[in-house]
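Visitor: Note that this note's numbering numbers the sequence shown so that position 64 is 64, with each residue one more than the last.
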Amino acid sequence: MYKKIKLSVLALSLVFSSLYAQHYTSSPYSYYGLGEISNALSGQSTGMGYTSAASSNAGNINFFNPASYQGLSIQSFLFDVSISSKQSIYKQNNQSFSVNNTNLQYIAAGFKGTNFWAASFGVMPYSSMGYDISISDTVGTTDKYERYLGEGGLNKVYFGNSFRIHKSLWVGINASYYFGSLEKRFTRNVSDSAYSTLVRYETNTKISGYRIDYGFQSNFSLGTTKITIGGVYESTAKLKGYRTEDGFVTFSNNGITNSEVFVAETGRENKKTTDIPQKIAAGLSLNFNDKITVTGDYSLQNWSNALFLGETSVNYSQYSKISAGLEYIPKITSYKYREIIRYRLGAYTSNGYITLPDKNNAMVQPVSFGVTAGIGLPMKASFGGMNLSFEAGKTNVGAQGLSETYFMFHANLSLRDIWFIKRKYN
Numbered sequence: 001m002y003k004k005i006k007l008s009v010l011a012l013s014l015v016f017s018s019l020y021a022q023h024y025t026s027s028p029y030s031y032y033g034l035g036e037i038s039n040a041l042s043g044q045s046t047g048m049g050y051t052s053a054a055s056s057n058a059g060n061i062n063f064f065n066p067a068s069y070q071g072l073s074i075q076s077f078l079f080d081v082s083i084s085s086k087q088s089i090y091k092q093n094n095q096s097f098s099v100n101n102t103n104l105q106y107i108a109a110g111f112k113g114t115n116f117w118a119a120s121f122g123v124m125p126y127s128s129m130g131y132d133i134s135i136s137d138t139v140g141t142t143d144k145y146e147r148y149l150g151e152g153g154l155n156k157v158y159f160g161n162s163f164r165i166h167k168s169l170w171v172g173i174n175a176s177y178y179f180g181s182l183e184k185r186f187t188r189n190v191s192d193s194a195y196s197t198l199v200r201y202e203t204n205t206k207i208s209g210y211r212i213d214y215g216f217q218s219n220f221s222l223g224t225t226k227i228t229i230g231g232v233y234e235s236t237a238k239l240k241g242y243r244t245e246d247g248f249v250t251f252s253n254n255g256i257t258n259s260e261v262f263v264a265e266t267g268r269e270n271k272k273t274t275d276i277p278q279k280i281a282a283g284l285s286l287n288f289n290d291k292i293t294v295t296g297d298y299s300l301q302n303w304s305n306a307l308f309l310g311e312t313s314v315n316y317s318q319y320s321k322i323s324a325g326l327e328y329i330p331k332i333t334s335y336k337y338r339e340i341i342r343y344r345l346g347a348y349t350s351n352g353y354i355t356l357p358d359k360n361n362a363m364v365q366p367v368s369f370g371v372t373a374g375i376g377l378p379m380k381a382s383f384g385g386m387n388l389s390f391e392a393g394k395t396n397v398g399a400q401g402l403s404e405t406y407f408m409f410h411a412n413l414s415l416r417d418i419w420f421i422k423r424k425y426n
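#1: Name the DSSP bridge partner or partners of G43?
#2: Check whether the stretch 221-229 touches the stretch 192-199, taking contact to mean three or more Cβ pairs, one atom from each stretch, closer than 8 Å.
#3: Is the separation between the beta-carbon of L72 and that of G110 shorter than 8 Å?
#4: Checking the sheet assignment: what are the DSSP bridge partners for A53?
#5: Quick one: what does DSSP say Q70 is sitting in, helix, strand or coil?
#6: Just checking my contact of S55 with Q44 at CB under 8 Å: how many whole Å lie between their CB atoms?
#7: Does the beta-carbon of G310 have 16 or more other beta-carbons within 10 angstroms, so that it is buried, or is it exposed?
#8: Just the Cα atoms here: how many angstroms apart are L169 and F186?
#9: Measure from the alpha carbon of Y145 to the alpha carbon of each residue in N62, D137, E151, then state which is nearest.
#10: Buried or exposed: where does Y158 fall if 16 or more other Cβ atoms within 10 Å of its Cβ makes it buried?
#11: Between the C-alpha atoms of T236 and R416, what's the straight-line distance to the nearest angstrom?
#12: Which residue wins for smallest C-alpha separation from S82, given the options T244, K394, Y406, M386?
#13: Of the residues L41, F251, S368, A67, which one's Cα is nearest the Cα of N412?
#14: Tell me, which residues are paired with S193 by DSSP?
#15: With a cut-off of 8 Å, do at least 3 Cβ pairs link the stretch 330-339 to the stretch 314-321?
#16: With DSSP run on the structure shown, which of helix, strand or coil describes A264?
#17: Output needed for Y210: all residues of its chain with C-beta closer than 6 Å, excluding positions within five of it in sequence on either side, in chain order.
#18: Excluding the 5 residues preceding and the 5 following S88 in the sequence, name in chain order all residues of the same chain whose CB lies nearer than 6 Å to its CB.
#19: Among S193, K112, S350, which one has its Cα closest to the Cα of Y69?
#20: How many angstroms separate the CA atom of D275 from the CA atom of W303?
#21: When the distance is taken between beta carbons, is V171 closer than 8 Å to A53?
#22: Kindly give me the distance between the Cβ atoms of I375 and L388, rounded to whole angstroms, as I take these residues to be in contact under 8 Å.
#23: Which whole-angstrom value describes the C-beta separation of N65 and Q217, a residue pair presumed to lie in contact below a C-beta threshold of 8 Å?
#24: Within its chain, find whatever has a CB closer than 6 Å to the CB of I322; leave out the 5 residues flanking it on each side and keep chain order.
#25: Have a look at the DSSP bridge pairing and note the partners of Y31.
#26: Considering only their Cβ atoms, is the gap separating V190 from L141 smaller than 8 Å?
#27: Suppose contacts are defined by Cβ-Cβ distances below 8 Å. Is V294 in contact with L326 by that definition?
#28: Nearest to T51 by alpha carbon, out of Y353, A306, G283?
#29: Give the secondary structure of Y353 by DSSP, where H, G and I count as helix, E and B as strand, and everything else as coil.
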């Protein structure tokens, strides 16, 4: 057993160090705040409209609600990994461009040692920043060019425990550590036939801090209907931000060039506080005759007064999300493979945590809506299973603002092994 623990931890460390060193996104929405917030959830939840507050499954780790770890199989170890590929098409003012990104969504492991205790740990991205915006203009004989570049993001490492308080009540707690960096670069070049001015400004912000999340799930039955009510509370995270700034300006007039630093102190370091505000979520799951499961979630997170590097951001707003899901399995106790495949559908709508200018420069929240479809493919009992899902959605900023149409493919693999049992041989 101890060898398996060492191998699992080593696998997590190697994959994490190689794949989480960079965040891959190409979204202009990531310009603001902490970047684009990740939607990483379990393979089951992804195919069911991202519903997860009241979900638990022996074959997937639902790290959004730590109480759900009680749903893992007794005396077993589960290794869970997920990747996704996203194709985005952005449109504004009759112009469009498309980008594609493939990312590791998460790596997690969970085990249930007793009927009353289970645990999980893992790593995943929390946010990603990646944009390259260029603006050029000519007025008379003067040319103006601006370029905005950003990259980086935050990662999250968590360790959680779940406890069975009563046969119908589970509670859980996750302790998470956030870390990462955000790099931004700005260049402006103004020139005509006689002179030119080049401005370069760069910031590198390293962010780290802790957060505690709590969850519960209550299970009961009405006839052949199994009902689960779930709730999650994520506390406010006060993250420390260390920002280094460098700024230069270069003047050229009739062939004579001068440069100077316009930041008071080159490479100065600012220690500021960055918030991730508290979040609440509630969910309901209804299972009918072990065939059909219907789920629904609502979550709310008020970013309006959150601090970003010590200041309240004018671009922050209140985030909310509503999602619903459906899963169908023909016959859960069957020995026929086709009858134990799980089929999933889902839908969601959400308001972004930032505000962006529309065509009239009025600040509005991006509104997203999407649909999901997935399938759960079981493997041998001792191995786990695979979840595949497809997602299509759209994000709009006002009537004529920037819009994004996106398509995502998710692949999740769960590997399971039996622990804590001494095998007997004749």
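Here a beta-carbon is modelled for each residue, glycine too, at the ideal position from N, C-alpha and C.
Guide: Reading off the structure:
#1: None; G43 has no bridge partner.
#2: no
#3: yes
#4: Partner(s): none; A53 has no beta bridge.
#5: helix
#6: 6 Å
#7: exposed
#8: 53 Å
#9: D137
#10: buried
#11: 34 Å
#12: M386
#13: L41
#14: According to DSSP, S193 bridges with nothing at all.
#15: no
#16: Because A264 sits at a pLDDT of 47, beneath the cut-off of 50, its placement in the model cannot be relied upon, and the following sentence gives the value as read from the coordinates. If DSSP states are grouped into helix, strand and coil, A264 belongs with coil.
#17: Y177
#18: V99, E404, Y406
#19: K112
#20: 9 Å
#21: no
#22: 5 Å
#23: 7 Å
#24: Y298, T349
#25: Answer is none; Y31 lacks a bridge partner.
#26: Note that residue 141 is Thr in the sequence shown, not Leu. Their beta carbons are not under 8 Å apart, which means T141 does not touch V190 by this criterion.
#27: yes
#28: G283
#29: coil
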